[in-house]
Structures are given as C-alpha cells and as structure tokens.
Amino acid sequence: MFFEFLRLAGQSIAHRKLRSWLTIIGVVIGIAAVVGLMTIGYGFQKTIDDQVSQVFGVDTFVVVNEGSFGGGPHGGSADEYALDLALLNSVEGVKVAAALRERTGFVQGQPDENGERLQGFLPVLGLSPELLTDFESFTGELEVMPSGRLFEPGDVEVAILDYEISQRLRVGVGDTVLVAGDGSNELNLTIIGIMAPPEEDASEREGGFGASFSSSSEGDTISVPYDTMDLLWGPADDVLVTLVRTEPGYDVDEVADRAEETLNDQGSEIMTITYGDISNQIGTITNVINMVLAGIAAISLLVGGVGVMNTMFTSVLERTKEIGVMKAVGAKNSHVLSIFLIESGMMGFVGGVVGSVFGGGLAAGLTWLLNQSESFMGGELLFVLRWDLIAFTLLGSFAIGALAGFFPALRASRLPVVDALRYE
Amino acid sequence: MPLLELSGVTKDYQLGKTTVRALRGLDLEIRSGEVVAIMGPSGSGKSTLMHILGALDRPTKGNALIDASDLAEMKERQLVTLRGKRIGFVFQTFNLIQTLSAQRNVELPMIFQGVSGGERHRRASALLEKVGLGDRVRHRPNELSGGERQRVAIARALANDPEIILADEPTGNLDTETGNAILALLKNLSAQDGKTVILVTHDPEAAEIADRTVRLRDGCVQFDSAGGVA
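Listed in order, the protein sequences are those of chains A and B. Counting from 1, position 382 in the first sequence corresponds to residue 381 in numbering that gives the first Met the number 0; the numbering is continuous, with no gaps. Counting from 1, position 88 in the second sequence corresponds to residue 87 in numbering that gives the first Met the number 0; the numbering is continuous, with no gaps.
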C-alpha cells in the first residue's frame with residue numbers, strides 16, 4: 000500500500016508543478032548549504048589530518064615536556080626535560096628513539112691572518128644520528144655542502160656547523176673547533192660538514208616539524224652527535240624533543256603510555272604525543288567548526304521546512320473535498336495522513352537529492368577555487384565527499400519534509416468526512 | 000429483514016451558535032435490491048439522510064441500522080470499512096480526483112481496501128467497460144464530458160462490489176439526455192446485479208426509474224410510495 004500512496008503523492012506533486020518546485024527550491028537551498036559547507040569542512044579536516052599523518056606515520060610518537068602541549072604555562076614552546084635515552088630505547092615495543100638536546104657552549108674557531116681566534120657562546124645542538132636516518136619526515140631534508148657529510152653512527156668528536164657561523168669562525172670541513180662544556184670538559188671537534196646556506200625561499204620548502212626544533216634560523220648553531228653532549232655537559236637534562244618509532248605489531252598508543260610511565264618513574268617529567276592525540280585534537284577543533292557551519296546552514300533548511308509546511312497547509316485546504324471523497328470511498332484517517340506525509344516527505348527528499356548535488360558541486364567548485372589562488376598549508380586542499388553525510392542528508396531531508404507536513408497532514412486526516420464533502 | 004432501518008432518527012447540526020435540526024425522528028426501512036428515490040425540497044433533510052444511510056455520519060438520536068448493526072455502536076474504524084466495502088457513492092459534482100486517470104479513480108477505493116495491483120487493474124478495466132468507457136481509461140477527468148465523468152464515478156462506486164449505491168443528485172449537473180442514460184445505468188445495477196440503489200434527487204424523471212419514492216419535508220418522511228403517508 001505504501002507504494003500506491005507514494006504514487007498518489009507523486010501524482011499530486013506532479014499536478015502542481017510550479018508550486019511544488021518552488022517549495023522544493025527552498026529545501027534545495029538549505030540542503031545545498033549544509034552539504035556544501037560540511038563537505039568543505041571535511042576537506043579541511045582531511046587535509047590537515049593527512050599532513051600530520053605524513054609527518055608522524057602511524058608508528059611514531061613524540062616525547063615532550065609535560066607542560067608543553069595543550070597550553071602549559073609556556074604556551075606550547077618546547078621546554079627542556081631530562082631524559083634517559085637508553086632507558087627509552089629499552090622500553091618494550093620501542094624500535095628506535097632519537098632525541099635532540101640543546102646547550103649554549105663556549106666555542107673557539109681557527110685563527111685569522113693576525114692569529115686571532117673568534118670565540119663566543121653559541122648554541123650547541125646534540126642530535127641522535129637516527130634523527131637524520133629514521134625521522135626524515137620530521138627533520139626535513141638536511142643538506143650539507145659538497146665535500147661534507149652528515150652524522151653517522153660511531154661519530155663522537157665531530158661537528159656540523161651552520162654556514163654562517165662557519166664563515167665567522169673561519170673553519171671548513173676537516174678543521175677543528177673547540178667547544179667547552181661544564182667544568183673542565185672541553186673537546187676539539189672535527190668539522191665533517193657545513194650546512195648548505197638557506198635559500199631565499201626556504202620558508203616555502205616543506206620544513207616538517209624539524210624546522211621548529213632548532214633555533215638555527217639565525218645560522219649560528221653548532222650540531223654535534225647526541226652522545227657527544229654527554230662528554231661536555233653530562234647526562235641529558237636539556238632535551239627539547241624525542242622521537243620514537245615503535246616495533247611493527249605494537250600499538251603505538253600502548254607503547255607511548257608504557258614509555259611515559261617508565262620515564263616518569265625515573266624522574267622525568269614528560270608526556271607523549273601520538274598521531275592519534277594530534278588527530279583527536281584536530282578532529283575536536285574541526286568538528287566544532289563543522290557544527291557551527293552546519294548550524295548556520297540549518298537555518299536556511301528550517302526556512303525551507305517552513306515553506307514545505309505552508310505549501311502543505313494550502314494543499315490540504317485546496318483538497319478538502321478530495322479528502323472527503325477519499326474518506327467516503329473507504330480511506331481511513333491513517334491512509335489520508337500517510338498520503339499527505341509521504342507527499343511532503345517526497346518534496347523534502349527531492350529537495351535533498353537536488354540539494355546534495357548542488358552542495359557537492361558547490362564544495363568541489365570552492366575547493367578548486369581555493370587551490371587556484373594559494374596552496375593550503377603547503378598542500379592541496381582536499382575534496383572529501385562523505386557518503387554518510389549524503390545518506391544522512393537524504394534521510395534528514397525526507398524527515399524534515401514529513402515533519403513539516405505532519406500538522407497539515409494531521410489536519411487533513413481529522414477532517415470530518417461530511418464537512419469535507421460539503422466544502423466548496 | 001430490511002437492509003437499512005432507521006427509527007426515530009434525529010440529527011442536529013451546530014451552525015455557528017444556533018443548532019439546526021435537520022432530521023426530526025425519521026423512520027425509514029429500505030430492503031435489499033430496491034431502487035428508492037428520496038425527494039424533497041431544499042432543507043428537507045435529504046443530504047443529511049443520505050449521510051446517515053451512507054455511514055458518513057451518525058444520528059444525534061434514534062437508531063440507524065445497516066444490516067442490523069447500529070451505527071451508533073460502531074467504531075469509526077468500522078464505519079470506514081462499511082463505507083469502503085458495502086457502500087458506493089455517486090455525487091452530483093462527480094467528485095473525481097482531478098490528478099488521476101479514469102482508471103486510477105476507479106482503482107482508488109480498492110487501494111484503500113488493500114486489493115492487489117493486478118486484481119485492481121483487472122476490475123477497474125472491467126467496470127469502465129461496463130459503464131461504456133472502455134476506450135477512456137487513460138483520460139483525466141478534465142478530458143471527459145459530464146456524462147462520462149459520472150460514468151467513471153459510478154464505476155468507482157462499484158469498485159469494491161458494494162450492496163448499496165447511494166447517488167446524491169446524480170443527474171443534477173447533466174443535460175436531460177445524458178441524465179437519462181445515467182439513470183438507466185443505475186436502474187440496471189439493481190435489475191442486473193441486485194444492488195440496492197438509493198437516489199437522492201429533485202428530478203421527477205429520476206424518481207420515475209425508482210421502485211419507490213420517499214418524500215421528505217422538514218426532516219420527516221412526508222410520503223412513502225411503499226407505505227403511504229407516514
């Protein structure tokens with residue numbers, strides 16, 4: 000019987016073409032706004048998420064100071080912390096952990112023509128060699144000038160200098176610099192590489208997270224192997240960040256929790272951040288944005304719904320006699336209610352289908368337009384058409400139509416048959 | 000036993016603040032297979048009587064029995080079923096659904112009774128054939144003449160094979176010739192199919208095809224050709 004009622008409702012809609020379409024347009028605008036805005040929102044979310052996952056991968060987590068993520072007193076800047084890297088490496092499920100620590104040290108270069116040496120306090124960065132080999136997505140691609148090389152396992156008394164400071168210290172590959180640490184600790188470090196000078200458009204390059212680790216933007220950093228730092232300053236209590244890759248088959252969140260617990264038991268004050276944590280944070284933010292967008296769009300949908308209701312009330316009034324006839328020939332109240340509900344629901348549904356097409360098109364067009372003008376956070380803004388959104392929208396548009404038609408339909412179904420038949 | 004039995008039927012209407020008494024203790028019996036013409040001036044209660052005979056309305060007082068069941072004791076749902084299955088209506092203004100073809104209009108009462116699609120189609124076609132509109136099944140009401148529309152309405156009234164056909168001024172909107180053809184068709188329903196046909200009419204010619212004429216005045220039976228003056 001449902002299909003018969005569907006057919007009756009369809010014939011009634013088709014009979015009042017102009018008015019039906021005008022009503023449907025109201026729904027179309029609302030649905031198009033909802034689908035369009037939410038699709039763009041999902042696109043943003045996916046774009047950001049993808050970029051984070053490209054850097055992180057699914058098997059990596061970051062160890063930072065307890066207070067440095069999520070609005071600590073220092074507003075998210077990388078605070079230093081103490082770390083036992085060997086202990087971290089021994090945690091079950093950890094494949095490789097690489098850390099970065101920073102100190103300011105007394106540095107002395109080579110003498111100039113007059114025999115004078117430039118000396119001063121400069122930032123000294125200690126990098127695990129694995130940082131360069133295993134975590135390239137974080138550090139970005141580090142380039143040394145020809146004739147030099149990057150750190151390799153086993154390197155101890157070596158250093159890589161930023162281009163600018165190498166000029167000021169008058170040193171090149173093969174020369175040595177003197178670096179003094181705590182107390183009487185000092186080492187003559189052989190320079191194995193000079194960082195390539197930054198290009199003009201360096202900011203355009205994909206720096207990854209690595210760019211934010213070091214303060215080398217000023218070009219005066221001296222980088223040494225992580226273990227060399229021990230010789231100069233003792234056990235690490237000045238770590239900026241640690242990257243950890245887990246063994247295949249281990250759950251990254253479990254390993255991160257275990258590492259956090261192990262290290263904090265030893266007196267560290269650290270927390271771990273996995274891709275899941277960041278993704279959740281992004282998800283929370285973008286969901287709020289999406290909800291706000293959807294809320295705004297829903298207002299126009301509400302207007303569309305009121306339009307459906309208005310049309311249905313008019314229709315009921317117009318067809319009072321028809322309702323009387325239907326009842327006289329054996330239609331129950333529930334039949335009349337169903338026919339009118341299906342009719343208004345159908346208008347909603349058709350509006351939903353057309354609106355989804357328009358909304359999807361709108362989002363695709365806007366995405367294209369945004370990608371024409373500028374790159375979005377260093378990448379393409381993605382277009383994500385979510386089928387669950389479309390399915391929900393179609394269901395919702397039918398529901399809105401039916402809901403808007405409910406009171407008119409109820410009125411129709413309750414019309415006393417004799418009065419309805421007399422109606423002129 | 001009469002098919003329809005009204006005794007002491009009173010019907011009041013609320014018209015704004017005034018109560019209008021349309022029927023005043025009316026008694027009437029109609030037997031199965033009869034063709035009865037109900038006549039009377041405007042305001043005599045013809046339409047009200049028809050509504051009660053057609054189970055569209057209940058009496059305010061008195062008993063209205065259809066096949067020994069009292070309308071007053073029936074639930075709304077039962078009245079609907081009664082209308083749907085046992086009574087067929089023919090109206091003065093045809094009252095076809097404008098958006099539906101002749102065929103679909105005839106199918107409509109069957110849809111509400113849950114008759115399957117194939118059976119519906121077969122029966123509707125046969126009924127339209129019977130009223131002489133075999134070649135007009137796909138036409139919409141506005142593509143049909145008045146006489147043709149009334150034939151569709153009669154076919155619709157017959158859709159669920161009811162025992163009672165209630166025709167309210169069936170010739171009121173038709174010219175004499177067309178009207179006569181419609182009356183002949185209605186007469187035939189009684190003669191051939193044994194239907195009980197009740198005509199509510201002003202038209203003396205319509206009354207001529209009836210086995211019996213009941214004349215109303217001021218909500219009472221003034222004259223009944225079967226039983227003389229009430």
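For glycine and all other residues, C-beta sits at the position ideal for the given N, C-alpha and C.
Residue range of the beta strand (DSSP E) that includes residue i
{"i": "Phe88/B", "result": "86-89"}
{"i": "Thr261/A", "result": "From DSSP, Thr261/A is part of no beta strand (DSSP E) but of the alpha helix (DSSP H) over 251-264."}
{"i": "Lys60/B", "result": "60-65"}
{"i": "Asp11/B", "result": "3-14"}
{"i": "Leu239/A", "result": "238-245"}
{"i": "Pro203/B", "result": "It is not in any beta strand (DSSP E) - Pro203/B instead sits in the alpha helix (DSSP H) that spans 203-207."}
{"i": "Pro122/A", "result": "116-126"}
{"i": "Pro110/A", "result": "93-110"}
{"i": "Arg211/B", "result": "211-216"}
{"i": "Gln221/B", "result": "219-223"}
{"i": "Ala36/B", "result": "34-38"}
Within chain B, partners of residue i - CB distance below 7 Å
{"i": "Lys16/A", "result": "Neighbours of Lys16/A on chain B: none; closest Cβ ~11 Å, over 7 Å."}
{"i": "Glu3/A", "result": "Ile110"}
{"i": "Ser11/A", "result": "Thr98"}
Minimum Cβ-Cβ distance from residue i to chain A less than 7 Å
{"i": "Leu55/B", "result": "yes"}
{"i": "Gly113/B", "result": "yes"}
{"i": "Pro169/B", "result": "no"}
{"i": "Pro108/B", "result": "yes"}
{"i": "Val228/B", "result": "With a pLDDT of 47 at Val228/B, under the threshold of 50, the modelled position of that residue is not reliable, and the figure given next carries that caveat. Chain A, which has no Cβ nearer than 7 Å to the Cβ of Val228/B, makes this no."}
{"i": "Gly44/B", "result": "no"}
{"i": "Arg216/B", "result": "no"}
{"i": "Phe88/B", "result": "yes"}
{"i": "Arg82/B", "result": "yes"}
{"i": "Val79/B", "result": "yes"}
CA-to-CA distance, residue j to residue i, given in whole angstroms
{"i": "Gly104/A", "j": "Ile193/A", "result": "19 Å"}
{"i": "Gly69/A", "j": "Gly275/A", "result": "The predicted model places Gly69/A with a pLDDT of 49, which falls under 50 and marks its position as unreliable; any figure quoted below should be read in that light. Approximately 14 Å, taken between the alpha carbons."}
{"i": "Gly306/A", "j": "Thr22/A", "result": "6 Å"}
{"i": "Gln50/A", "j": "Asp226/A", "result": "32 Å"}
{"i": "Phe222/B", "j": "Val130/B", "result": "33 Å"}
{"i": "Gly173/A", "j": "Val157/A", "result": "10 Å"}
{"i": "Ser213/A", "j": "Ala398/A", "result": "Annotation note: pLDDT 46 at Ser213/A (below 50); position unreliable, no value reported."}
{"i": "Asp78/A", "j": "Asn64/A", "result": "6 Å"}
{"i": "Ser76/A", "j": "Met270/A", "result": "Residue confidence is low: Ser76/A scores 46 on pLDDT, short of 50, so the model does not pin down where it sits. No coordinate-derived value is stated."}
{"i": "His14/A", "j": "Gly7/B", "result": "46 Å"}
{"i": "Tyr12/B", "j": "Leu70/B", "result": "18 Å"}
{"i": "Thr170/B", "j": "Lys186/B", "result": "13 Å"}
{"i": "Leu3/B", "j": "Leu198/B", "result": "14 Å"}
{"i": "Leu316/A", "j": "Phe43/A", "result": "47 Å"}
{"i": "Leu5/A", "j": "Val335/A", "result": "12 Å"}
{"i": "Leu121/A", "j": "Gln166/A", "result": "14 Å"}
{"i": "Lys10/B", "j": "Val114/B", "result": "35 Å"}
{"i": "Asp418/A", "j": "Gly323/A", "result": "8 Å"}
{"i": "Asp200/A", "j": "Asp161/A", "result": "In this predicted model, Asp200/A has a pLDDT of only 47, less than 50, meaning its place in the structure is not dependable; the value taken from the coordinates is given anyway. The alpha-carbon atoms of Asp200/A and Asp161/A are separated by roughly 17 Å."}
{"i": "Ser278/A", "j": "Ser299/A", "result": "31 Å"}
{"i": "Leu131/A", "j": "Thr245/A", "result": "17 Å"}
{"i": "Gly24/B", "j": "Arg135/B", "result": "45 Å"}
Closer than 9 Å at the beta carbon, the chain A residues around residue i
{"i": "His50/B", "result": "Val416, Val417, Leu420"}
N- and C-terminal bounds of the alpha helix (DSSP H) containing residue i
{"i": "Met346/A", "result": "332-372"}
{"i": "Met311/A", "result": "274-317"}
{"i": "Asp48/A", "result": "16-55"}
{"i": "Asn104/B", "result": "101-111"}
Amino acids of chain A, ordered along the chain, whose beta-carbon sits closer than 8 Å to that of residue i
{"i": "Asn172/B", "result": "The contacting residues do not exist; Asn172/B stays about 14 Å from chain A at best."}
{"i": "Asn159/B", "result": "Gly329"}
{"i": "Arg155/B", "result": "Val328"}
{"i": "Arg76/B", "result": "Lys331"}
In DSSP terms, what residue i is bridged to
{"i": "Ser222/A", "result": "Leu124/A, Ile159/A"}
{"i": "Glu185/A", "result": "Ala179/A"}
{"i": "Ser68/B", "result": "Ile65/B"}
{"i": "Leu25/B", "result": "Val8/B"}
{"i": "Phe60/A", "result": "Val243/A, Thr273/A"}
{"i": "Leu165/B", "result": "Phe88/B, Ile197/B"}
CB contact below 7 Å: residue i versus chain B
{"i": "Ser333/A", "result": "no"}
Amino acids of chain A, ordered along the chain, whose beta-carbon sits closer than 7 Å to that of residue i
{"i": "Asn94/B", "result": "Lys320, Val324"}
Any non-hydrogen atom of the ligand HEM within 6 Å of residue i CB
{"i": "Ile110/B", "result": "The ligand HEM is not part of this structure, which contains no ligands at all."}
Residues that residue i contacts on chain B, provided the C-beta gap is smaller than 8 Å
{"i": "Met0/A", "result": "Ile110, Gly113"}
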